[in-house]
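K.L.:
Numbered per our numbering, the sequence shown spans residues 1389 to 1722.
Ideal Cβ placement from N, Cα and C applies to all residues, glycine included.
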Amino acid sequence: MAARRPTIRDVAAAAEVSVATVSHALNGKGRLEDATRARIREVADRLGYRADPRARALRTGTGNTIALVASLLADEGADREGRLDWYTRAAFAAADECLRQGYALVLVPPSDQQSWAANLAVDGVLAIDPDPSDGIVATLLQRSLPAVVVGGADESPEMATVALDRASAVEVVMAHFLARGCAHPALVVDGSRRHIATGTHRAYLAWCAAHGFSPKVAVAPTGVSRSESGKRAMAELLTAHPEVDAVYVPLDSLAVGGAEAIGELASAPGRVRRDIRVVTSEGLLARHANPPLTAVDTKREQQAVAATRMLVEQLRTGRLPESRTFAATLVVRD
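1) When you compare the CB positions of A1621 and V1607, do they come within less than 8 Å of one another, or not?
2) Tell me where the beta strand (DSSP E) around D1578 begins and ends.
3) If you count every other CB in all the chains shown that lies within 10 Å of the CB of L1493, and 16 or more means buried, which is it?
4) Candidates P1573, V1407, R1590: which alpha carbon is nearest S1602's?
5) Using beta-carbon positions only, say whether A1647 and S1669 come within less than 8 Å of one another.
6) Please classify V1601: does DSSP put it in a helix, a strand, or coil?
7) Start and end of the alpha helix (DSSP H) containing T1549?
8) Short check: CB of G1512 to CB of L1703, under 8 Å?
9) Which runs of the beta strand (DSSP E) fall wholly inside the stretch 1604-1637 and span at least 3 residues, in chain order?
10) Take G1418 and list the residues in its own chain whose beta-carbon comes closer than 6 Å to its own, dropping the five residues that flank it on each side.
11) Give the secondary structure of G1512 by DSSP, where H, G and I count as helix, E and B as strand, and everything else as coil.
12) Please state if the CB of L1699 and the CB of V1536 are separated by a distance shorter than 8 Å.
13) Counting C-beta neighbours from all protein chains within 10 Å, is the total for M1389 16 or more, i.e. buried, or is it exposed?
14) Considering only residues of the same chain and omitting the five flanking positions on each side of L1593, which have a CB-CB separation below 7 Å?
15) Need the endpoints of the alpha helix (DSSP H) that I1664 sits in, please.
16) Leaving out the 5 sequence neighbours to the left and right, which residues in its chain are closer than 7 Å to V1719 when beta-carbon positions are compared?
17) So, using beta-carbon positions, are H1589 and V1576 closer together than 8 Å?
18) Helix, strand or coil for T1686? Go by DSSP, reduced to three states.
19) Would you mind reading off the limits of the beta strand (DSSP E) that contains A1455?
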């Protein structure tokens, strides 16, 4: 005969507290001392108590589900290999942390952004690299649905964010260029309003001003594949500034196209120099480029885990967590 499953009343009796106190302790709610909360959780673990998720959902009106969406996946110009690489890395890290916290992760297709953002029944949302033009952040704020932005967002001070410190990324990239003897570092970004473009652009201009360099920036065109867009932007940059000897391209799919453009232009005598260095963001495309590209470790997995923990904290306490940034490091391959 199977042993009787322990109940919340058993935990309350063993811990000598009320049922309500047990509920608050196990769900991260209420105003309990940390020692009391820890003691109740220890008793629950010792007894083998596990709350019935279906009963809890009916009682609280929540389903312990978190949605993850990345609007960049809807960008038809984004090259498939690169976007699936960083998306999969973030999704696996977030899913693993969700399970540790007692939540299930729902992967939301990026199509019809407004519909899902307005109607999806989840407890909270992890929004990866949103673009203000897609309206996701605005809709989530309008719904008062708890959310954390992964990758940074300029327009949402009332929403917690986790992001790479773009200033530190520019700093380590430019230091690398200078250490390699480069004297004319440039930047290629995409034309979106995502933080990877806008934040990096601002940081690069600030670095140039602080170090006495003339900024050289090309914005990749839209309407074509990312690799083709990167090729066109790099060709435009090098035509306008043939002295450029190093280029930071934070979006890896643009960097691959940019590197191809350098090779093609260098094959024409007198067009551009052959030893132009390119640095991008770490991932599958950077590792498998020919030659492999030095890259900024964007801490994609760490960002996803941190964002998940912050969102769960917000769901349990009702308080907006502090935003967090990760300092950049470099994976050197040249």
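P.N.:
To lay it out plainly:
1) yes
2) 1573-1578
3) buried
4) P1573
5) no
6) According to the sequence as given, residue 1601 is Phe; it is not Val. Note: F1601 maps to coil in three-state DSSP.
7) Element bounds for T1549: not the alpha helix (DSSP H) but the beta strand (DSSP E), 1548-1552.
8) yes
9) 1605-1608, 1634-1636
10) H1412
11) strand
12) yes
13) Interpretation of M1389 is limited by its pLDDT of 42, a score under 50 that renders its predicted location unreliable; the figure taken from the coordinates is listed afterwards. Under this definition M1389 is an exposed residue.
14) P1603
15) Run containing I1664: none; DSSP gives neither H nor E here.
16) E1670, T1682, A1683, D1685
17) no
18) coil
19) 1453-1458
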